[in-house]
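> Chains as they are written, first to last, in my numbering: chain A, 745 to 806; chain B, 5 to 516.
Laid out in structure tokens, this is it:
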């Protein structure tokens with residue numbers, strides 16, 4: 745458990761991979777609520793990155 | 005349509021909020037009262053802002069009026085490329101979460117007020133601290149000037165020209181007010197004003213992103229119309245990126261994210277938090293502002309879909325507001341944007357004043373300053389900085405401030421090795437870091453200049469084009485020089501100057 749906690753901050757690398765890999769999300773389809781995928785993906789990662797930060801924070805404190 | 009509309013109601017609403025904010029700015033001196041003749045109190049609010057206040061302060065500080073005008077202006081002009089601001093704001097907070105609590109802990113322990121204070125204590129080098137301070141002051145000046153540009157487009161959109169007052173008068177009035185309450189209340193003023201300003205901004209943005217698309221037939225129709233507008237134009241525009249833009253999009257986002265919290269206004273607002281926990285909580289909750297920024301960027305597309313036709317992209321959002329809302333609400337929106345200029349301008353001038361006073365004046369001119377003298381000098385410098393920015397906006401072409409701000413971002417990145425790496429290790433020697441800084445500043449400025457003051461340098465391999473953010477290229481050279489010269493410096497001088505910090509200084513206190 746202690747070692748798991750040590751590696752927890754690595755979760756914070758995921759948003760970097762997700763958004764630096766530009767060719768992956770530079771597309772129109774699938775579209776959600778009129779938003780091309782390019783925009784859906786970026787908005788989603790604002791929320792997901794915050795969620796990951798929250799998880800790392802919780803994991804550290806307890 | 006030129007986007008300008010003069011209306012008494014709009015002006016009345018605008019003036020009401022401006023007066024309200026002015027009163028708040030002066031009242032702020034009494035809020036969480038402290039002895040304002042100490043720089044710690046004037047320039048850092050006594051490090052007493054909890055997570056909630058810090059959230060407003062940092063949000064109001066980082067998402068400036070210039071951002072709110074310039075990001076949609078870029079989207080209006082080129083499309084998807086302008087959205088690099090989104091990955092940028094996603095990258096920022098994990099970096100803040102990991103690094104800034106360490107900086108806060110070390111600074112709190114030793115009573116440091118600026119990042120240059122930290123560098124001096126960590127490396128025992130006044131020269132390196134001076135480099136950090138000079139970079140911060142240089143990069144901040146044009147940034148303040150650009151906040152004025154944000155104010156200027158708002159005044160223009162409200163048709164103040166029609167009243168027969170020139171562009172100077174309202175700007176001068178706004179800045180004199182700003183200068184006075186910053187002088188008297190210090191960091192407490194923008195912190196208190198940020199509450200009102202951010203609430204207004206959220207109302208503005210939510211209204212805009214709900215009501216305007218309904219008028220335009222939904223988001224699908226907005227994107228469709230924007231794509232048609234781009235197809236009619238030529239060049240690298242569109243609602244998706246061109247393959248040639250992948251690398252510049254990604255590196256601009258990454259480099260800007262690394263630079264942001266090195267800026268004095270960001271460091272100042274961070275160090276004013278009451279605990280490292282307050283900073284971590286903000287790293288989790290500040291992305292709410294990023295969602296707002298993304299929505300604001302979409303306003304660029306809405307302006308295209310609404311056939312707002314402005315020559316100056318900065319007028320896109322104000323013109324869209326005039327075209328979409330009744331005068332009273334337009335006045336409210338304009339007040340929100342204008343106040344969005346005043347909060348960061350105040351914090352920036354305080355950040356620059358802290359650096360100048362602590363790391364230039366005290367270090368090189370008079371090292372026997374009393375607390376009261378130190379605070380007085382900082383107050384005067386904050387006036388001087390704002391006055392300089394005002395003169396720059398009134399008498400120099402706007403492009404000059406924009407170009408300098410772009411260079412400022414490249415420069416700011418060059419203190420990354422000294423400040424951020426210094427939070428983890430002091431293996432790098434001060435002299436090597438200084439040499440790296442010189443190399444990075446020189447390469448960054450030269451490349452940007454050679455590219456005609458563009459942020460991206462394009463490498464061509466056969467048919468492939470790879471645009472890389474110049475700030476990152478300069479940072480790479482900076483690192484190489486610092487790493488290569490460190491062993492040489494260590495040979496030349498076996499023992500490094502004393503480090504005032506210990507490993508434990510960077511960790512949270514057990515009581516937290």
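Don't be surprised by glycine CBs; every beta carbon is placed ideally from N, CA and C.
1) Let me know the secondary structure DSSP gives residue 163 of chain B once reduced to three states.
2) Would you say residue 782 of chain A reaches chain B, if we count a Cβ-Cβ gap shorter than 7 angstroms as a contact?
3) Let's test the definition: count the other Cβ atoms within 10 Å of the Cβ of residue 190 of chain B and tell me whether it reaches 16, buried, or not, exposed.
4) Check the DSSP bridge columns for residue 53 of chain B and list the partner residues they point to.
5) For residue 495 of chain B, does the count of other Cβ atoms within 10 angstroms reach 16, so buried, or fall short, so exposed?
6) So that I know if they touch, is there some Cβ in chain B lying closer than 7 angstroms to that of residue 798 of chain A?
7) Give the secondary structure of residue 419 of chain B by DSSP, where H, G and I count as helix, E and B as strand, and everything else as coil.
8) Ignore the nearest five residues each way along the sequence and tell me which others in residue 298 of chain B's own chain have a CB closer than 7 angstroms to its CB.
9) To test your reading of the DSSP string, which unbroken alpha helix (DSSP H) runs of 4 or more residues are found completely within the segment 375–415 of chain B?
10) Report the option in B/229, B/111 and B/8 whose CA atom is closest to the CA atom of residue 423 of chain B.
11) Near residue 477 of chain B, what residues of its chain come up, given a Cβ to Cβ distance below 8 angstroms and the 5 sequence neighbours on each side ignored?
12) According to DSSP, is residue 14 of chain B part of a helix, a strand, or is it coil?
13) Please classify residue 484 of chain B as buried or exposed, where buried requires at least 16 neighbouring CB atoms within 10 angstroms.
14) If you reduce the DSSP assignment to three classes, tell me which class residue 472 of chain B lands in.
15) Indicate the three-state DSSP secondary structure (helix, strand or coil) for residue 271 of chain B in the structure shown.
16) Within the same chain, show all residues whose beta-carbon is closer than 7 angstroms to that of residue 764 of chain A, passing over the 5 residues directly before and after it, in chain order.
17) When the Cα atoms are used, what is the spatial distance from residue 351 of chain B to residue 209 of chain B?
18) Name the two residues that bound the continuous alpha helix (DSSP H) containing residue 460 of chain B.
19) Could you tell me the distance, in whole angstroms, from the CA atom of residue 802 of chain A to the CA atom of residue 795 of chain A?
20) Just grab the DSSP bridge partners of residue 776 of chain A for me.
21) On the DSSP bridge list, what partners appear for residue 242 of chain B?
22) To the nearest angstrom, how far is it from the Cα of residue 141 of chain B to the Cα of residue 360 of chain B?
23) Shorter than 7 angstroms from the beta carbon of residue 284 of chain B to some beta carbon of chain A?
24) Please list, in chain order, all residues of the same chain as residue 515 of chain B whose beta carbon is under 6 angstroms from its beta carbon, the five residues on each side excluded.
25) Going by the beta-carbon positions, is the gap between residue 216 of chain B and residue 306 of chain B smaller than 7 angstroms?
26) Using only the alpha-carbon positions, how far apart do residue 391 of chain B and residue 147 of chain B sit?
27) Which whole-angstrom value describes the C-beta separation of residue 76 of chain B and residue 320 of chain B, a residue pair presumed to lie in contact below a C-beta threshold of 8 angstroms?
28) Please name the residue, chosen from B/162, B/417 and B/157, that lies closest to residue 257 of chain B on a Cα-to-Cα basis.
29) With DSSP as the reference, label residue 3 of chain B as helix, strand or coil.
30) Output, in sequence order along the chain, the residues in the segment 230–250 of chain B whose CB is closer than 8 angstroms to any CB in chain A.
31) In or out: residue 300 of chain B buried (at least 16 other Cβ within 10 Å) or exposed?
32) Taking Cβ positions only, does residue 789 of chain A come closer than 7 angstroms to chain B?
The structure says:
1) In the second chain, counting from the first residue as 1, residue 163 of chain B sits at position 159. DSSP places residue 163 of chain B in coil when its eight states are reduced to three.
2) The residue labelled residue 782 of chain A in the question sits at position 38 within the first chain. By this cut-off, residue 782 of chain A is an interface position.
3) As a working mapping, residue 190 of chain B is identified with position 186 in the second chain. Answer is buried; the Cβ neighbour count reaches 16.
4) Residue mapping note: residue 53 of chain B aligns to position 49 of the second chain, counting from 1. Answer by DSSP bridge pairing, in chain order: B/277.
5) Taking the second chain and counting its residues from 1, the one referred to as residue 495 of chain B is at position 491. So residue 495 of chain B ends up on the exposed side.
6) As a working note, residue 798 of chain A is residue 54 in the first chain. So, interface residue.
7) Residue numbering aside, residue 419 of chain B sits at position 415 when the second chain is read from its first letter. Coil.
8) Here residue 298 of chain B refers to the residue found at position 294 of the second chain. Here the set comprises 90.
9) 375–399
10) Sequence index remark: in the second chain, residue 423 of chain B carries index 419 (1-based). When each option's Cα is compared against that of residue 423 of chain B, the closest is B/111.
11) As a first step, residue 477 of chain B must be located in the second chain, where it is residue number 473. Closer than 8 angstroms at Cβ, skipping near neighbours: 447, 448, 451 and 461.
12) On the second chain, position 10 is the one that residue 14 of chain B refers to. In this structure, residue 14 of chain B counts as helix in the three-state DSSP scheme.
13) Position 480 of the second chain, counted from the first residue, corresponds to residue 484 of chain B. Classification for residue 484 of chain B: exposed.
14) Numbered from 1 along the second chain, position 468 holds the residue referred to as residue 472 of chain B. It is a strand residue.
15) Position 267 of the second chain, counted from the start, is the residue given in the question as residue 271 of chain B. Here residue 271 of chain B sits in helix by DSSP.
16) The residue given as residue 764 of chain A occupies position 20 in the first chain. Here the set comprises nothing.
17) In the second chain, the residue the question calls residue 351 of chain B occupies position 347. In the second chain, the residue the question calls residue 209 of chain B occupies position 205. Taken atom to atom, the span from the alpha-carbon of residue 351 of chain B to that of residue 209 of chain B is near 23 angstroms.
18) Walking along the second chain from the start, residue 460 of chain B turns up at place 456. It is not in any alpha helix (DSSP H) - residue 460 of chain B instead sits in the beta strand (DSSP E) that spans 460–465.
19) For the purposes of this step, residue 802 of chain A is taken as the residue at position 58 of the first chain. For the purposes of this step, residue 795 of chain A is taken as the residue at position 51 of the first chain. So the alpha carbons of these two residues sit roughly 11 angstroms apart.
20) In the first chain, counting from the first residue as 1, residue 776 of chain A sits at position 32. According to DSSP, residue 776 of chain A bridges with A/779.
21) What you label residue 242 of chain B is simply residue 238 of the second chain in a count that begins at 1. Residue 242 of chain B pairs with B/83.
22) As a first step, residue 141 of chain B is located in the second chain; it is residue number 137 there, counting from the start. As a first step, residue 360 of chain B is located in the second chain; it is residue number 356 there, counting from the start. Going by the C-alpha atoms only, they are around 7 angstroms apart.
23) As a position in the second chain, residue 284 of chain B is number 280, starting the count at 1. Yes, residue 284 of chain B counts as interfacial toward chain A.
24) Counted from its first residue, the second chain places residue 515 of chain B at position 511. The predicted position of residue 515 of chain B is uncertain, since its pLDDT is 48 and thus under 50; no value can be drawn from it.
25) The residue you call residue 216 of chain B lines up with position 212 of the second chain. The residue you call residue 306 of chain B lines up with position 302 of the second chain. Closer than 7 angstroms, so yes.
26) For the purposes of this step, residue 391 of chain B is taken as the residue at position 387 of the second chain. For the purposes of this step, residue 147 of chain B is taken as the residue at position 143 of the second chain. Between the alpha carbons of residue 391 of chain B and residue 147 of chain B lies a distance of about 13 angstroms.
27) One-based indexing of the second chain puts residue 76 of chain B at position 72. One-based indexing of the second chain puts residue 320 of chain B at position 316. Between residue 320 of chain B and residue 76 of chain B the Cβ distance is about 6 angstroms, and since that is below 8 angstroms, they are a contact.
28) As a working note, residue 257 of chain B is residue 253 in the second chain. Answer by Cα proximity: B/417.
29) Residue 3 of chain B lies beyond the range of chain B shown here (5 to 516); nothing can be said about it.
30) For the segment 230–250 of chain B, which is checked against every Cβ of chain A, the residues closer than 8 angstroms are 243, 244, 245, 247 and 250.
31) What you label residue 300 of chain B is simply residue 296 of the second chain in a count that begins at 1. Residue 300 of chain B comes out buried.
32) Counted from its first residue, the first chain places residue 789 of chain A at position 45. Closer than 7 angstroms: yes.
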